[in-house]
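Protein chains in written order, with the working numbering: chain A, 1 to 111; chain B, 1001 to 1116.
All residues carry an ideal CB built from backbone N, CA and C; glycine is no exception.
Because the structure is a prediction, the values reported are computed rather than measured.
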Amino acid sequence: QKEVEQDPGPLSVPEGAIVSLNCTYSNSAFQYFMWYRQYSRKGPELLMYTYSSGNKEDGRFTAQVDKSSKYISLFIRDSQPSDSATYLCAMSAGSSYKLIFGSGTRLLVRP
Amino acid sequence: ETGVTQTPRHLVMGMTNKKSLKCEQHLGHNAMYWYKQSAKKPLELMFVYNFKEQTENNSVPSRFSPECPNSSHLFLHLHTLQPEDSALYLCASSPGAQRGSQETQYFGPGTRLLVL
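In structure tokens, the structure reads:
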């Protein structure tokens, strides 16, 4: 079993839709949870960073962590064609430099 | 991207060639990383350097040889690679000083490597 599972997609939605991206994980020691966005031919860029359980909002993006279910989500409201990218979840137990990544979900927002 | 730069952006090499990938960070960070990204697979951490000392070697074959001459520069020397080594190689950096928490890593654009 992989430490982090992420549906590869692709996920295709119309402009303006609410998008839900998810990851599940198996290591209960994970405390730090991140979402990266990667455009084609670019490196990943950090979108959201959360510690432990709960929600965090930044503009159109909301990150949600449910440690009891070992499940994290990224919601994108009012999705735009410019949101079309691959979204990677990443997590760690902290006190180390080792981030464990999901394989990424490719999102396509149709105009 | 001016934070973390990588050269070359694309590289085609034969299995008997020797080449090097270069990474430079302009963020004043002290930790640098090499990752391998293959299609439909998670990013794989290869090496970590913290204050120029290698702190992680994630069971990487010896045909990959990292070098970190200072906190701003990181190299990946390649020799006798295999076709399955074709991938996007990403460099990242982080402050390198925050113990007890997970530091944010900043990525470069990557080098797309094709081994023939």
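Look at the alpha carbon of residue i and the alpha carbon of residue j, and state the distance between them as a whole number of angstroms.
i, j, result
"A/L11", "A/L74", "13 Å"
"B/N1070", "B/F1051", "8 Å"
"B/E1001", "A/A29", "Confidence at B/E1001 is low in this model, with a pLDDT of 49, below 50, so the placement of that residue should be treated as unreliable; the coordinate-derived value is given next. Going by the C-alpha atoms only, they are around 34 Å apart."
"A/P44", "A/G104", "11 Å"
"B/H1073", "A/S40", "25 Å"
"B/H1079", "B/S1093", "24 Å"
"B/E1053", "A/D78", "45 Å"
"A/D58", "B/V1060", "37 Å"
"A/L47", "B/K1018", "36 Å"
"B/V1048", "B/L1113", "20 Å"
"B/C1068", "B/T1016", "24 Å"
"A/C23", "B/K1040", "15 Å"
"B/H1010", "B/K1022", "12 Å"
"B/Y1033", "B/S1065", "13 Å"
"A/S20", "A/G9", "12 Å"
"B/P1008", "A/M91", "29 Å"
"B/L1027", "B/Y1106", "9 Å"
"B/G947", "A/F33", "Outside the modelled stretch of chain B, which goes from 1001 to 1116, sits residue 947 of chain B, for which no answer is possible."
"B/A1031", "B/T1055", "10 Å"
"A/P14", "B/G1110", "30 Å"
"A/Q125", "A/P81", "Residue 125 of chain A lies beyond the stretch modelled for chain A, which goes from 1 to 111, so this question has no answer here."
"A/N27", "A/K42", "29 Å"
"B/P1083", "B/N1058", "20 Å"
Give the C-beta separation of residue i and residue j to the nearest angstrom, bearing in mind that I take them to be a contact with Cβ-Cβ under 8 Å.
i, j, result
"B/V1012", "B/Q1025", "Contact doesn't hold; Cβ gap of about 26 Å is too wide."
"B/G1108", "B/Q1037", "Between B/Q1037 and B/G1108 the Cβ distance is about 12 Å, and since that is not below 8 Å, they are no contact."
"B/L1076", "B/S1020", "7 Å"
"A/G94", "B/Q1102", "5 Å"
Going by CA-CA distance only, name the one from the options that's closest to residue i.
i, options, result
"B/R1063", "B/H1073, B/G1108, B/V1115", "B/V1115"
"B/T1104", "A/P14, A/K67, A/T50, A/S68", "A/T50"
"B/C1091", "B/G1028, B/A1039, B/L1045, B/N1057", "B/L1045"
"B/Y1035", "B/T1080, B/D1085, B/Q1102, B/G1096", "B/D1085"
"A/S53", "A/S69, A/D78, A/K42, A/Y36", "A/S69"
"A/E5", "A/M48, A/Y71, A/A93", "A/Y71"
"A/D7", "A/N27, A/V13, A/T86", "A/T86"
"B/P1095", "B/C1068, B/P1042, B/H1029, B/K1040", "B/H1029"
"A/L88", "A/I18, A/W35, A/Y25", "A/W35"
"A/D83", "A/S26, A/Q1, A/A17", "A/A17"
"A/Q31", "A/N22, A/P81, A/N55, A/K67", "A/K67"
"A/K56", "A/I76, A/K42, A/Q38", "A/I76"
"A/Q1", "A/Y25, A/M91, A/P81", "A/Y25"
"A/E3", "B/Y1106, B/E1056, B/L1043", "B/L1043"
Exercise. Kindly provide the ranges of any beta strand (DSSP E) runs that are 3 or more residues long and lie completely inside the segment 1015-1090 of chain B, ordered along the chain.
Key: 1018-1025, 1031-1037, 1044-1050, 1053-1057, 1064-1070, 1073-1079
Self-check item: Within the segment 21-71 of chain A, ranges of the alpha helix (DSSP H) (whole runs, at least 4 residues)
Solution: none
Exercise. Could you say if the segment 96-105 of chain A and the segment 1078-1090 of chain B meet the contact criterion of at least three C-beta pairs nearer than 8 Å?
Key: no
Self-check item: Contact the segment 52-64 of chain A vs the segment 101-108 of chain A: 3+ CB pairs below 8 Å
Solution: no
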